[in-house]
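A.B. asks: Have a look at this one before I ask anything.
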Amino acid sequence: MHEAVGRLVSFLVEERVELAGLAVPDDPAERWALARSLMNMRLPRPVPVAVLEEQDAVLRALIARAGVTDASALAPVGDGGVDGRLALWRGDITTLAVDAIVNAANSKLLGCFIPGHHCIDNAIHTFAGMQLRLVCDELMRAQGHDEPVGRAQVTSAFNLPSRFVVHTVGPQVPTGEPTAAQEEQLASCYRASLDAAAAAGVASLAFCCISTGEFRFPRERAARIAVGEVRARGGAAARYSARLLSVICFFIGNS
């Protein structure tokens, strides 16, 4: 894999004239960090098939090395009812084998361009691969405007252990004190994600903590909204197939 990462770096460096002559690090961690940074900064444009194949092999090896968690093995919360279909898990959402994961996206829907940034948007786009930004760019060009807060769109998950990624844009709360309108926007993110998952025939859905990172929505309040919306939507059985009633609510870090 070390050589494959080196070839991936070489391709990404050759694309950028200003990086001509940049040396490929020998240290495996530094080499991968450089590859990730260059992938993060890369604009959405076609990638040669051979390069994608190399990238895909690298990403799948890294995910396997990190260890994949099977969502079906997670213990549900409560004894039956809606909570019997709701599980809480702390971990890396890019290593979760589940039908779909939810990405806390930004309004451009193109992922995080900050090299190596530790946001969920960066992680999902990194380990899904460069294909994800390309597909999101196609969606946004067809849409013709920024993604509104509180809606959701579904794409393939490409190299992730999940099948789909549901992208939703949460409210930004610079003050750290959400208004009633912003609380409703966050609730809408969960409803829209569940609706989009239902339309895609998803059986299990993993949520990240929408808006609780860079967007500064208070974590405890966000958690209550998340669980409340999943319970409410899960209880509305008439709106969903029986398959979608297996829902996972995913929390990470200190959330």
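When you line the sequence shown up against full-length UniProt numbering, it's residues 1 to 255, in that order. For every residue, glycine included, the Cβ atom is placed at its ideal position computed from N, Cα and C. All values reported here derive from a predicted model rather than from experimental measurement.
What does Ser156 pair with, by DSSP beta-bridge criteria?
C.D. replies: Position 156 of the sequence shown holds residue 156. Per DSSP, Phe164.
A.B. asks: Take Asn106 and list the residues in its own chain whose beta-carbon comes closer than 7 Å to its own, dropping the five residues that flank it on each side.
C.D. replies: Here residue 106 corresponds to residue number 106 of the sequence shown, with the count starting at 1. If we look at Asn106 and ignore the five residues flanking it on each side, its Cβ neighbours are Asp121 and Val169.
A.B. asks: By the three-class DSSP mapping on this structure, what secondary structure does Leu86 have?
C.D. replies: Counting from one through the sequence shown, the residue named residue 86 turns up at place 86. In this structure, Leu86 counts as strand in the three-state DSSP scheme.
A.B. asks: Give me the Cα-Cα distance between Ala200 and His145, rounded to the nearest whole angstrom.
C.D. replies: The sequence position of residue 200 within the sequence shown is 200, counting from 1. The sequence position of residue 145 within the sequence shown is 145, counting from 1. The alpha-carbon atoms of Ala200 and His145 are separated by roughly 23 Å.
A.B. asks: Let's test the definition: count the other Cβ atoms within 10 Å of the Cβ of Val5 and tell me whether it reaches 16, buried, or not, exposed.
C.D. replies: Walking along the sequence shown from the start, residue 5 turns up at place 5. The residue in question, Val5, is buried, as its Cβ has 16 or more Cβ neighbours within 10 Å.
A.B. asks: Can you grab the Cα-Cα spacing for the pair Pro115 / Arg36, in whole Å?
C.D. replies: As a working note, residue 115 is residue 115 in the sequence shown. As a working note, residue 36 is residue 36 in the sequence shown. Their backbone Cα atoms lie some 7 Å apart in a straight line.
A.B. asks: At 4 residues or longer, and completely inside the stretch 177-208: list those alpha helix (DSSP H) runs for me, N to C.
C.D. replies: Whole alpha helix (DSSP H) segments, 4+ residues: 180-199.
A.B. asks: So what does DSSP say about Ala104, is it helix, strand or coil?
C.D. replies: Translated into positions along the sequence shown, residue 104 becomes position 104. Strand.
A.B. asks: Does the stretch 19-30 come within contact of the stretch 42-50, defined as at least 3 CB pairs closer than 8 Å?
C.D. replies: Flag = no, the stretch 19-30 and the stretch 42-50 do not touch.
A.B. asks: Along the chain, where does the alpha helix (DSSP H) containing residue 259 start, and where does it finish?
C.D. replies: Absent from the structure is residue 259, since the part of the chain shown begins at 1 and ends at 255.
A.B. asks: Determine the burial state of Gly80: buried for a count of at least 16 other Cβ atoms within 10 Å of its Cβ, exposed for fewer.
C.D. replies: By one-based count along the sequence shown, residue 80 stands at place 80. At Gly80, the pLDDT of 49 sits below 50, so the modelled position is not reliable and the matter cannot be decided from this model.
A.B. asks: Buried or exposed, going by whether 16 or more other CB atoms sit within 10 Å of the CB of Glu177?
C.D. replies: Your numbering for residue 177 matches position 177 in the sequence shown. Looking at its Cβ environment, which holds fewer than 16 other Cβ atoms inside 10 Å, Glu177 is exposed.
A.B. asks: Measuring CA to CA, which of Gln172, Thr95 and Arg133 is closest to Ser156?
C.D. replies: Within the sequence shown, the letter at position 156 stands for residue 156. Looking at the Cα atoms, Arg133 is the closest of the given residues.
A.B. asks: When you compare the CB positions of Ala66 and Ser162, do they come within less than 8 Å of one another, or not?
C.D. replies: If you number the sequence shown from 1, residue 66 lands on position 66. If you number the sequence shown from 1, residue 162 lands on position 162. No, they are not a contact pair.
A.B. asks: In three-state DSSP terms, what is Leu96?
C.D. replies: Taking the first residue of the sequence shown as 1, we reach residue 96 at position 96. Strand, per DSSP.
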